[in-house]
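*Asks:* Chains as they are written, first to last, in the numbering used here: chain E, 1 to 254; chain X, 255 to 508; chain Y, 509 to 762; chain L, 763 to 1016.
All C-beta atoms in this analysis are idealised placements derived from N, C-alpha and C, irrespective of residue type, glycine included.
4 protein chains.
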Amino acid sequence: MEEVIINYIHKPNIKNPILIEGLPGVGNVGKLAAEHLIDELHAEKFADLFSKHFPPQVLVGDNGVVKLVNNEFHFAKSPNKNGNDLIILVGDYQGMTPEGQYELASKILDLAKEYGVKKIFTLGGYGMGKVVEYPRVLGATTNQELVEEMREYGITFPKGEPGSGIVGASGLLLGLGKLMDIESVCLMGETSGYFADPKAAQAVLEVLTKIIKVEVDFKKLELKAKEIDYMTSKLKDLEESIAEDKRDELNYFG
Amino acid sequence: MEEVIINYIHKPNIKNPILIEGLPGVGNVGKLAAEHLIDELHAEKFADLFSKHFPPQVLVGDNGVVKLVNNEFHFAKSPNKNGNDLIILVGDYQGMTPEGQYELASKILDLAKEYGVKKIFTLGGYGMGKVVEYPRVLGATTNQELVEEMREYGITFPKGEPGSGIVGASGLLLGLGKLMDIESVCLMGETSGYFADPKAAQAVLEVLTKIIKVEVDFKKLELKAKEIDYMTSKLKDLEESIAEDKRDELNYFG
Amino acid sequence: MEEVIINYIHKPNIKNPILIEGLPGVGNVGKLAAEHLIDELHAEKFADLFSKHFPPQVLVGDNGVVKLVNNEFHFAKSPNKNGNDLIILVGDYQGMTPEGQYELASKILDLAKEYGVKKIFTLGGYGMGKVVEYPRVLGATTNQELVEEMREYGITFPKGEPGSGIVGASGLLLGLGKLMDIESVCLMGETSGYFADPKAAQAVLEVLTKIIKVEVDFKKLELKAKEIDYMTSKLKDLEESIAEDKRDELNYFG
Amino acid sequence: MEEVIINYIHKPNIKNPILIEGLPGVGNVGKLAAEHLIDELHAEKFADLFSKHFPPQVLVGDNGVVKLVNNEFHFAKSPNKNGNDLIILVGDYQGMTPEGQYELASKILDLAKEYGVKKIFTLGGYGMGKVVEYPRVLGATTNQELVEEMREYGITFPKGEPGSGIVGASGLLLGLGKLMDIESVCLMGETSGYFADPKAAQAVLEVLTKIIKVEVDFKKLELKAKEIDYMTSKLKDLEESIAEDKRDELNYFG
Chain E
1 MEEVIINYIH
11 KPNIKNPILI
21 EGLPGVGNVG
31 KLAAEHLIDE
41 LHAEKFADLF
51 SKHFPPQVLV
61 GDNGVVKLVN
71 NEFHFAKSPN
81 KNGNDLIILV
91 GDYQGMTPEG
101 QYELASKILD
111 LAKEYGVKKI
121 FTLGGYGMGK
131 VVEYPRVLGA
141 TTNQELVEEM
151 REYGITFPKG
161 EPGSGIVGAS
171 GLLLGLGKLM
181 DIESVCLMGE
191 TSGYFADPKA
201 AQAVLEVLTK
211 IIKVEVDFKK
221 LELKAKEIDY
231 MTSKLKDLEE
241 SIAEDKRDEL
251 NYFG
Chain X
255 MEEVIINYIH
265 KPNIKNPILI
275 EGLPGVGNVG
285 KLAAEHLIDE
295 LHAEKFADLF
305 SKHFPPQVLV
315 GDNGVVKLVN
325 NEFHFAKSPN
335 KNGNDLIILV
345 GDYQGMTPEG
355 QYELASKILD
365 LAKEYGVKKI
375 FTLGGYGMGK
385 VVEYPRVLGA
395 TTNQELVEEM
405 REYGITFPKG
415 EPGSGIVGAS
425 GLLLGLGKLM
435 DIESVCLMGE
445 TSGYFADPKA
455 AQAVLEVLTK
465 IIKVEVDFKK
475 LELKAKEIDY
485 MTSKLKDLEE
495 SIAEDKRDEL
505 NYFG
Chain Y
509 MEEVIINYIH
519 KPNIKNPILI
529 EGLPGVGNVG
539 KLAAEHLIDE
549 LHAEKFADLF
559 SKHFPPQVLV
569 GDNGVVKLVN
579 NEFHFAKSPN
589 KNGNDLIILV
599 GDYQGMTPEG
609 QYELASKILD
619 LAKEYGVKKI
629 FTLGGYGMGK
639 VVEYPRVLGA
649 TTNQELVEEM
659 REYGITFPKG
669 EPGSGIVGAS
679 GLLLGLGKLM
689 DIESVCLMGE
699 TSGYFADPKA
709 AQAVLEVLTK
719 IIKVEVDFKK
729 LELKAKEIDY
739 MTSKLKDLEE
749 SIAEDKRDEL
759 NYFG
Chain L
763 MEEVIINYIH
773 KPNIKNPILI
783 EGLPGVGNVG
793 KLAAEHLIDE
803 LHAEKFADLF
813 SKHFPPQVLV
823 GDNGVVKLVN
833 NEFHFAKSPN
843 KNGNDLIILV
853 GDYQGMTPEG
863 QYELASKILD
873 LAKEYGVKKI
883 FTLGGYGMGK
893 VVEYPRVLGA
903 TTNQELVEEM
913 REYGITFPKG
923 EPGSGIVGAS
933 GLLLGLGKLM
943 DIESVCLMGE
953 TSGYFADPKA
963 AQAVLEVLTK
973 IIKVEVDFKK
983 LELKAKEIDY
993 MTSKLKDLEE
1003 SIAEDKRDEL
1013 NYFG
């Protein structure tokens, strides 16, 4: 069996494309952002990627029909004349081993090269270990000019961050892509990292959509963010009420 | 050394075959069911599958003779004119790594294709974390029509279950098979998951035998179930008597 | 880099050979036995086996010179006219992964085939979890006739033992060898499994040397066994004296 | 994707070269030593080595530009007429699996062969588990003559050390190199192993530079050593002051 299998559903006529990657990761920021983009731009799936570097697993839909875990390439026409068409990569999993990660990134870049992709944006979260009210968007790029260009969009490049580098597809597409002369940018939304974080995803998308010159509605992401906020506040209430009960008990004996 | 070696003992003349998989897994439900089917239908082994993705191990028979751990293909003629012959896959182990699982499923599907298999049934357990009096049989399939067809046999397709998908050979044969246009059904018998569960295996087989139109006797499985029931009840008695002793001790001091 | 590299020092003229394997394992019984055989028969190394399935490590000799970890093939002429020459396999390590174990066993069997090896003896320990005064030698073979033949030498084949099969090179050479029509026997000396066990190695060798019709002196193994006995008895004394001190202390306060 | 990719920046004209390896390891002694040598000799990078056996990771520079984790080959002309030019190997990581380590060492040796390297020095630390005031330099080599030669430079070859052999690139380049008839020496500076140890790096370099007949300034390493000394003494003070506080507390109750 091949390491990576790419099955085309159809081969769209893609012009001047930008590749956007949003696979699972810290706070699922990249995945949430890329999936929102697919929904809002009505992007269409044109290829499936399967691999023995994913878990040996099928997912079962509500209708009882299975799906082999995969990554998917979606396509959206640019709304602008002579603008950049978009290839959006989402999926259930990243590769499970270092070797698998390299194999997968390598095959994704082959597809990017085939379609003449000149720029890649990889989307992810930057784990802060605490709740972030107003998430910043951190950046990393393949060359100095891109850093300057990205600063204009409010992306920050704090010295020494991320200190441990960028691990996984979001990093590897930049690193391996650089060897293939593909310019790339990684956008990381600050997130607690404790749960799926639509707010960080929105922060990332607000910047990205400006750069790639598309407009999207954020209502659905905002709704998801409110749901998460509600759940976390309920959790906090519960914790506080438990703590109070304990204090009461102590007073009773006191 | 090749990843997977299939050694044919002989090449039977198989007509219109259905492949049934029952490898080790949750509650060993699939393995118990498939082995019972082999026994009752007097199915005959026609091929061995060895792989470096299995443990590096031989098993030693009561007679002192070793057997390299393997998977085995068995063959049973259909009892019905123009019915479906059966290929039944059983074995000591599943692949030990994700890559190994994919390689093995891929080679098993190659054999299935070679014999013109059009439908696969994979058998397994669905772990409930508690003892189940009357196990239901859950299903998952490769397409919507099959779901409807299977419902007629009393198989249930509860929304959102199994939530974590189906991991291992039982899932992968469906997922990879779908890519090769092989229709497949996974049948999962509810089981505690704490021990080998012949009752769940029987529940799965009762449904399967109706679908594939063969009749089998369940006495041996029922006997095994009674043995397990006896052992678990003994275990329960023991636990209760220990708990009682402790209560007595407390009363003594009370 | 190739999976396994075999470097010949010279290609001896080997007649009617038997292969004897003694790699590290439970109680290092096989390794001790095979190394003793090499010493006593003045067997000569004729090939080195290196592999990326061994640890990435060199050992440093007392003279400061390194040796890449390896397995080694040694050769001893039969003392009997038209007897069986011996190929003895020893080494620092076994393969570190299941795949590596299969690759290594496969290459070792290729060499065995090349030299026309018709019978293999693999030597190992059978862990009892307690000190064994008079270790028995358990057997497992590739066919029923060999079981009967081996029983005549006092080798026992207890029903249901070893229950978990034989893991590693000692098992795999039998299992994979069987697929290549090579007759093989695994001899396992009972051992506590807590430390290197020359006594179990001697028990295995006493049987093996009768079978292969060579005579060896066991003085060196007996000496090693005495050293181990001395060390373990010292350890036992120490434990008892500590226990006694504690009792005295308690009496002091009693 | 290839296991190992070597990208040449340019192909220098290298004469009579010696290869010096200093990859991350115990106390980062080898890495610190090799990097210091590169700095002081103004060695120039001429090739990058990337591999799927490294972590799937990019590092982010202070300027926001990423770098795929790698190993690097640097080149320095000999200061002496007809002296040995130097190839210095440094990097972010070693291979993450045994197989990866072997693949990487094998490719590094291919490059060494290509450039006609006749001798390799691998640099590393020897973990002592305690702070070492005056670190000795231990050696291991590929043949007896080299041991004698190295002794003249004050390198020690204590019997039975390192008892567990040499693991990783520093060992494997010797071991695999020996199979390719490349003479090699491993130099290990004694170090606590608790933190990066510039003092041990200096000890190693002082010996190495005498052997390869180059002169380097050690001021920067000495400065780093002082920084580490300062930090560890601060840490010690802190520990002592905490211990004293506890004693005071006890006195208060005493």
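Kindly identify the DSSP beta-bridge partner or partners of Y915/L.
*Replies:* Locating residue 915/L in the fourth sequence gives position 153, counting from the first residue. In DSSP, Y915/L forms no bridge with anything.
*Asks:* Measuring only between beta-carbons, confirm whether V320/X sits less than 8 Å from chain Y.
*Replies:* As a first step, residue 320/X is located in the second sequence; it is residue number 66 there, counting from the start. For V320/X, the answer is yes, since a Cβ of chain Y falls inside 8 Å of its Cβ.
*Asks:* Indicate whether I212/E and Y153/E have their beta-carbon atoms separated by less than 8 Å.
*Replies:* As a working mapping, residue 212/E is identified with position 212 in the first sequence. As a working mapping, residue 153/E is identified with position 153 in the first sequence. Cβ distance not < 8 Å, so I212/E and Y153/E don't count as in contact.
*Asks:* If you draw a straight line from the alpha carbon of L295/X to that of M604/Y, how long is it in whole angstroms?
*Replies:* To locate residue 295/X, count along the second sequence from 1; it is residue 41. To locate residue 604/Y, count along the third sequence from 1; it is residue 96. C-alpha separation (whole angstroms): 42 Å.
*Asks:* Tell me the DSSP secondary structure of G637/Y in three-state form.
*Replies:* Along the third sequence, one-based indexing puts residue 637/Y at 129. Three-state result, G637/Y: coil.
*Asks:* With 16 as the cutoff for other CB atoms within 10 Å, does S241/E come out buried or exposed?
*Replies:* Taking the first residue of the first sequence as 1, we reach residue 241/E at position 241. Looking at its Cβ environment, which holds fewer than 16 other Cβ atoms inside 10 Å, S241/E is exposed.
*Asks:* Starting from A963/L, follow the alpha helix (DSSP H) in both directions and report where the run begins and ends.
*Replies:* On the fourth sequence, position 201 is the one that residue 963/L refers to. 960–974 is the span of the alpha helix (DSSP H), which, as asked, contains A963/L.
*Asks:* Is the Cβ of F513/X closer than 8 Å to any Cβ of chain E?
*Replies:* This structure does not reach residue 513/X, given that chain X is present from 255 up to 508, and the question cannot be answered.
*Asks:* Quick one: what's got a C-beta closer than 6 Å to V391/X's C-beta in the same chain, skipping five residues either side?
*Replies:* Looking up residue 391/X in the second sequence gives position 137. Contacts found: I409, L441, G443, A457, V458, V461.
*Asks:* To the nearest angstrom, report how far apart L567/Y and G787/L are at their CA atoms.
*Replies:* Locating residue 567/Y in the third sequence gives position 59, counting from the first residue. Locating residue 787/L in the fourth sequence gives position 25, counting from the first residue. For L567/Y and G787/L, the distance between alpha carbons rounds to 17 Å.
*Asks:* Determine, for M350/X, whether the minimum Cβ-Cβ distance to residues of chain Y falls below 8 Å.
*Replies:* Mapped onto the second sequence, residue 350/X falls at position 96. With 8 Å as the cut-off, M350/X counts as an interface residue toward chain Y.
*Asks:* Enumerated in chain order, which unbroken segments of the alpha helix (DSSP H) with a length of 4 residues or greater are wholly contained in the stretch 337–383 of chain X?
*Replies:* Correct list: 352–368.
*Asks:* Nearest-angstrom Cα distance between I268/X and L303/X?
*Replies:* Residue mapping note: residue 268/X aligns to position 14 of the second sequence, counting from 1. Residue mapping note: residue 303/X aligns to position 49 of the second sequence, counting from 1. Cα to Cα, the separation comes out at about 18 Å.
*Asks:* Within this structure, are the beta carbons of L871/L and M942/L separated by less than 8 Å?
*Replies:* Looking up residue 871/L in the fourth sequence gives position 109. Looking up residue 942/L in the fourth sequence gives position 180. In contact: L871/L and M942/L (Cβ atoms closer than 8 Å).
*Asks:* Any contact of the stretch 467–474 of chain X with the stretch 420–431 of chain X, i.e. 3+ C-beta pairs under 8 Å?
*Replies:* No, they do not touch.
*Asks:* So within the stretch 27–79 of chain E, which uninterrupted beta strand (DSSP E) runs reach at least 3 residues, ignoring any that extend past its ends?
*Replies:* With a minimum length of 3 residues, the continuous beta strand (DSSP E) runs that stay inside the stretch 27–79 of chain E are 44–51, 57–60, 66–68, 71–76.
*Asks:* List the residues of chain L that L763/Y touches, going by C-beta distances under 7 Å, in chain order.
*Replies:* One cannot answer for residue 763/Y here, as it falls past the ends of chain Y, which runs 509 to 762.
*Asks:* Cβ of N524/Y less than 8 Å from any chain L Cβ?
*Replies:* On the third sequence, residue 524/Y is found 16 positions in, with the first residue counted as 1. It does not: the Cβ of N524/Y has no partner Cβ on chain L nearer than 8 Å.
*Asks:* Using 7 Å as the cut-off, classify the Cβ of L377/X as near or not near the heavy atoms of the ligand SAH, replying yes or no.
*Replies:* Absence of the ligand SAH from the depicted structure is noted, as is the absence of any ligand whatsoever, leaving it without description.
*Asks:* Use the C-beta contact count for N571/Y: other C-beta atoms within 10 angstroms, 16 or more gives buried, fewer gives exposed.
*Replies:* To locate residue 571/Y, count along the third sequence from 1; it is residue 63. With fewer than 16 other Cβ atoms within 10 Å, it is exposed.
*Asks:* Within the 8 Å Cβ cut-off, does L187/E reach chain L?
*Replies:* The residue given as residue 187/E occupies position 187 in the first sequence. Answer no: the Cβ-Cβ gap between L187/E and chain L never drops below 8 Å.
*Asks:* Of all the options K921/L, K996/L, K961/L, G789/L, which has the alpha carbon lying nearest to the alpha carbon of G569/Y?
*Replies:* Within the third sequence, numbered from 1, the residue matching residue 569/Y stands at position 61. Among K921/L, K996/L, K961/L, G789/L, the Cα nearest to that of G569/Y belongs to K921/L.
*Asks:* Could you tell me the alpha carbon to alpha carbon distance between G599/Y and F581/Y, rounded to whole angstroms?
*Replies:* As a first step, residue 599/Y must be located in the third sequence, where it is residue number 91. As a first step, residue 581/Y must be located in the third sequence, where it is residue number 73. In a straight line, the C-alpha of G599/Y is about 9 Å away from that of F581/Y.
*Asks:* Give the secondary structure of I242/E by DSSP, where H, G and I count as helix, E and B as strand, and everything else as coil.
*Replies:* To locate residue 242/E, count along the first sequence from 1; it is residue 242. Helix, per DSSP.
*Asks:* Closer than 8 Å by beta-carbon distance: list the chain L residues that pair up with D570/Y, in chain order.
*Replies:* Looking up residue 570/Y in the third sequence gives position 62. Near D570/Y (Cβ distances below 8 Å), the residues of chain L are K921, G922.
*Asks:* Looking at E21/E and I182/E, is the spacing between their C-beta atoms short of 8 Å?
*Replies:* On the first sequence, residue 182/E is found 182 positions in, with the first residue counted as 1. On the first sequence, residue 21/E is found 21 positions in, with the first residue counted as 1. Cβ atoms of I182/E and E21/E: not closer than 8 Å.
*Asks:* Using a 10 Å radius around the Cβ and a threshold of 16 neighbouring Cβ atoms, would you call A33/E buried or exposed?
*Replies:* Along the first sequence, one-based indexing puts residue 33/E at 33. Classification of A33/E: buried, given that the 10 Å Cβ count is 16 or more.
*Asks:* Just grab the DSSP bridge partners of E698/Y for me.
*Replies:* Start at 1 with the first residue of the third sequence, and residue 698/Y comes out as number 190. DSSP lists Y634/Y as partners of E698/Y.
*Asks:* State the Cα-Cα distance for the pair E239/E and D245/E, rounded to the nearest angstrom.
*Replies:* The count along the first sequence starts at 1 and reaches residue 239/E at position 239. The count along the first sequence starts at 1 and reaches residue 245/E at position 245. Rounded to the nearest angstrom, the two C-alpha atoms are 10 Å apart.
*Asks:* Relative to the C-alpha of L377/X, which residue among I259/X, S438/X, L322/X is closest?
*Replies:* As a first step, residue 377/X is located in the second sequence; it is residue number 123 there, counting from the start. Comparing Cα-Cα distances from L377/X to each of I259/X, S438/X, L322/X, the minimum goes to S438/X.
*Asks:* Considering only the beta carbon of each residue, do V371/X and P271/X sit closer than 8 Å?
*Replies:* Stepping through the second sequence from its first residue, residue 371/X is reached at position 117. Stepping through the second sequence from its first residue, residue 271/X is reached at position 17. Closer than 8 Å, so yes.
*Asks:* Rank D229/E, A140/E, G125/E by C-alpha distance to the C-alpha of G193/E and give the top, closest one.
*Replies:* Looking up residue 193/E in the first sequence gives position 193. The candidate whose alpha carbon is nearest that of G193/E is G125/E.
*Asks:* Label H264/X either buried or exposed according to how many other C-beta atoms from any shown protein chain fall within 10 Å of its C-beta, with 16 as the threshold for buried.
*Replies:* Along the second sequence, one-based indexing puts residue 264/X at 10. It is exposed - the Cβ of H264/X has fewer than 16 other Cβ atoms within 10 Å.
*Asks:* Could you name the residues that DSSP lists as bridge partners for L393/X?
*Replies:* For the purposes of this step, residue 393/X is taken as the residue at position 139 of the second sequence. It should be pointed out that residue 393/X corresponds to Gly in this sequence rather than to Leu. In the DSSP output, where bridge partners are listed per residue, G393/X has L441/X.
*Asks:* If distances are taken between C-alpha atoms only, which option among S332/X, F308/X, H307/X, Q311/X comes closest to E298/X?
*Replies:* Translated into positions along the second sequence, residue 298/X becomes position 44. Per the Cα distances, S332/X.
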